[in-house]
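Presented below is the structure to which this report refers.
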Amino acid sequence: MMDFFYTPGTCSQAAHILLREAGLAFCAHKVDIFSGKVDDGSNYRAINPNGYVPAIALDDGTLLTENVALLDWIDAQRTDASSPAPMERYRHLQMLAFLSTEVHKPFVRLFFTESEDEMTYLRQVLEQRFAWVGSVMRGPHMLGEHFSASDAFAYVMLRWAAMVKLEVPERLQALAGLIEARDSVRTVLAAEEQELLGMAA
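Note that the working numbering has the sequence shown beginning at 344, numbered continuously upward.
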């Protein structure tokens, strides 16, 4: 059984959703990214020297990190996932990379900056980037008719957008509602929200 390291409410939520979606067996380990401790008290940096989530440790000792790599790998394990044509696979990687670098990273800055000017700038940047994401959607889901890793990642970013009251295109609002209705997503949200309540107590 693989080990999955995550922090509730962070970008690791996308991998958490996709693991459930794929029906893969895994042991989940909650990480406090500020203290660097795993929920069993061990040092997370002894597992992932970079210190951030998500990460997956496979049975053979392989450690997978970085959202794009994890999400692509998990997506490939899904028994219901069809083999994409070469260009479709490149579009899949394009969207994962865009979400990781051009949407996720500005959000991290937005969450931690104390500069009102920077907040205004970052909100404008994010609105422009969400507009582009909405413009290249190819169906009810990010890449067409079927749920994919891009949907899981986009959903987490859309939750963050709602949290900071950021305007996103109607197509993306509809996508968020569509994804939130999935059993895998409901299961992860319930578990992570309960953990966040426990952390705040």
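Ideal Cβ positions, reconstructed from N, Cα and C, are used throughout, including at glycine.
Reduced DSSP category for residue i - H, G, I as helix; E, B as strand; rest coil
i	result
TYR395	coil
ALA544	Its pLDDT being 48, under 50, ALA544 is placed unreliably in this model, and the coordinates cannot settle the point.
Paired residues, beta bridge with residue i - DSSP
i	result
GLY487	HIS484
ASP375	LYS380
LEU406	ALA400
CYS370	ASP346
Start and end residues, beta strand (DSSP E) containing residue i
i	result
ASP346	345-349
CB-CB length for residue i against residue j, believed under 8 Å
i	j	result
GLU364	SER493	Incorrect: roughly 13 Å between the Cβ atoms, too far for contact.
HIS435	SER355	Wrong, their Cβ atoms sit about 20 Å apart, outside the cutoff.
LEU361	LEU414	6 Å
PRO512	PHE473	7 Å
ARG514	GLY477	5 Å
HIS447	MET500	7 Å
Residues near residue i by beta carbon distance below 8 Å, same chain, minus five either side
i	result
LEU367	MET345, ILE417 and GLN420
ARG529	GLU523
ARG452	GLU461 and LEU465
HIS372	ASP346, PHE347, PHE348, TYR349, VAL381, ASP382 and ASP383
PHE369	MET344, MET345, ASP346, PHE347, LEU362 and ILE399
Own chain residues within Cβ distance below 6 Å of residue i, not counting five before or after
i	result
PRO429	none
ALA544	Because the pLDDT of ALA544 is 48, which lies under 50, any placement of that residue in the model is unreliable, and the number read from its coordinates should be weighed accordingly. Excluding sequence neighbours, ALA544 sits near nothing in its chain.
HIS484	PHE490 and ASP494
ARG481	GLY487
THR444	none
First and last residue of the uninterrupted alpha helix (DSSP H) at residue i
i	result
LEU465	459-478
SER443	It is not in any alpha helix (DSSP H) - SER443 carries neither H nor E in the DSSP assignment.
GLU364	355-365
VAL499	492-506
GLU523	513-523
Cut-off 7 Å between Cβ atoms - residues of its own chain near residue i, not counting five sequence neighbours on either side
i	result
THR408	ASN391, ASN393 and ALA398
PHE496	ALA357, ASN410, LEU414, LEU439 and LEU442
VAL531	GLN356, HIS359, ILE360 and ARG363
ASP402	MET345
Any C-beta of chain C under 9 Å from that of residue i
i	result
GLU457	As a matter of chain content, chain C is missing from the structure shown, which is built from one protein chain.
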